[in-house]
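A quick write-up on the structure given underneath.
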Amino acid sequence: MIPTPGAALLFDIDGTLADTDPLHLEAFNRVFAPYGHKFDKVSFARELQGLANVDIARRLLPQLSPAEGMAVLDAKEALFRELAASSVHPVPGLFELLDDADAAGIPMAAVTNAPRANAQLILDGLGITTRFKALVIGAELPHSKPHPLPYLEGLRLLGAKAEVSVGFEDSRTGIASATAAGLATVGVRTSLDDAALRAAGAVLTTERYDDPALRALIAARVR
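If you count by the working numbering, then the sequence shown holds residues 1 to 223, one letter each, in order.
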């Protein structure tokens, strides 16, 4: 396959490259318990998934100062990294898709609201850091997801065009960001079901990257 100039693939990290949401849920529950919060899978997806930490602190810890709130979130992220150090596994079919994209010369970027240390841990744990020509951290930009800026920045760094590129996301927040940037966005069903992902704006949903329907969408989009 010879891709159209400007074609690219852009991936969220947590829940999209690896199913890390259960680890995040455990870390949130352990760190937020003293503040009266307890989350299950549904409330995690509704209140936490895909959001930047500054927004989580503002929403769930309004009684704390901004610095105190971010200190709580920093503790949560440190615990997540401890849990994830030996528990990072790829979404099925990921390596095959990355191999095929590399062989076709399609550049790829990782675009996340996670802290850089978390993003690097997951990419290193999967052994795929060098696969991505760019790593975009939402918190390091003026706006994070759901604003389109993180994906627009990913496209800029790759020299890519949204109309011939595909985004991959597992959260409502991420899908909002990618679709607002003009990407055809695939919802990865690690936490949310098909209906929820499509309602958020996904054009297709999947549980694995070797899904024939997904591969057909990519082929149609990038050439």
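Just so you know, even glycine gets a beta-carbon here, dropped at the ideal spot from N, CA and C.
The structure presented is a predicted model; accordingly, all values stated were derived computationally and were not measured.
So, with DSSP's three-state summary, where would you put residue i?
i: glycine 93; result: coil
i: valine 186; result: strand
i: glycine 15; result: coil
i: phenylalanine 80; result: helix
i: valine 203; result: coil
i: isoleucine 137; result: strand
i: phenylalanine 168; result: strand
i: leucine 195; result: Just to set this straight, residue 195 is alanine in the shown sequence, not leucine. Looking at alanine 195 - three-state DSSP - the assignment turns out to be helix.
i: leucine 73; result: helix
i: valine 222; result: helix
i: leucine 61; result: coil
i: proline 7; result: One detail in the question is off: residue 7 reads as alanine in this sequence, not proline. Of the three classes helix, strand and coil, the one that applies to alanine 7 here is coil, per DSSP.
i: valine 88; result: coil
i: threonine 173; result: helix
Let me make sure I understand the geometry here. Which of the options has the alpha-carbon closest to that of residue i?
i: alanine 78; options: Ile56, Gly36 and Phe28; result: Phe28
i: aspartate 193; options: Leu61, Val136, Lys41 and Leu135; result: Lys41
i: glycine 159; options: Asn118, Ile106, Ile137 and Ala178; result: Ile106
i: valine 91; options: Arg30, Ile56 and Asp12; result: Asp12
i: serine 144; options: Lys161, Ser177, Ala104 and Arg30; result: Ser177
i: aspartate 99; options: Thr4, Arg223, Arg215 and Gly174; result: Arg215
i: aspartate 14; options: Thr4, Ala219 and Phe80; result: Phe80
i: glycine 173; options: Val164, Glu163, Thr129 and Ala196; result: In the sequence as presented, glycine is not what sits at residue 173; that position holds threonine. Checking every option, the nearest Cα to that of threonine 173 belongs to Ala196.
i: leucine 123; options: Asp55, Ala84 and Ala57; result: Ala84
Go through its chain and collect everything with a Cβ distance to residue i's Cβ below 6 Å, but skip five positions before and after it.
i: serine 171; result: Gln49 and Gly50
i: valine 136; result: Val111, Pro150, Glu153 and Gly154
i: proline 115; result: Glu77
Can you list, in chain order, the residues of its chain whose CB lies under 7 Å from that of residue i, leaving out five sequence neighbours each side?
i: alanine 101; result: Leu9 and Met108
i: leucine 94; result: Leu17 and Tyr209
i: serine 87; result: Leu23
i: lysine 76; result: Ala27, Phe28 and Val31
i: leucine 126; result: Leu17, Ala18, Val88 and Pro90
i: proline 146; result: Thr173, Ala176 and Ser177
Cutting at 8 Å between CB atoms, please list the residues of its own chain near residue i, excluding the five before and the five after it.
i: leucine 141; result: Leu149, Pro150 and Glu153
i: lysine 133; result: Pro107, Met108, Ala109, Leu157 and Leu158
i: leucine 121; result: Arg81, Ala84, Ala85 and Val88
Say whether chain D places a C-beta atom closer than 8 Å to the C-beta of residue i.
i: alanine 178; result: No chain D appears in this structure, which consists of one protein chain only.
Mind checking whether the beta-carbon of residue i lies closer than 7 Å to any heavy atom of the ligand MG?
i: leucine 183; result: With respect to the ligand MG, the structure offers nothing, as it holds no ligand at all.
*Could you tell me whether the region 184–193 touches the region 61–75, using the rule of 3 or more Cβ pairs below 8 Å?*
With the rule of 3 Cβ pairs closer than 8 Å, the region 184–193 does not count as touching the region 61–75.
*Residue ranges of each alpha helix (DSSP H) within the region 117–162, 4 or longer*: 149–158
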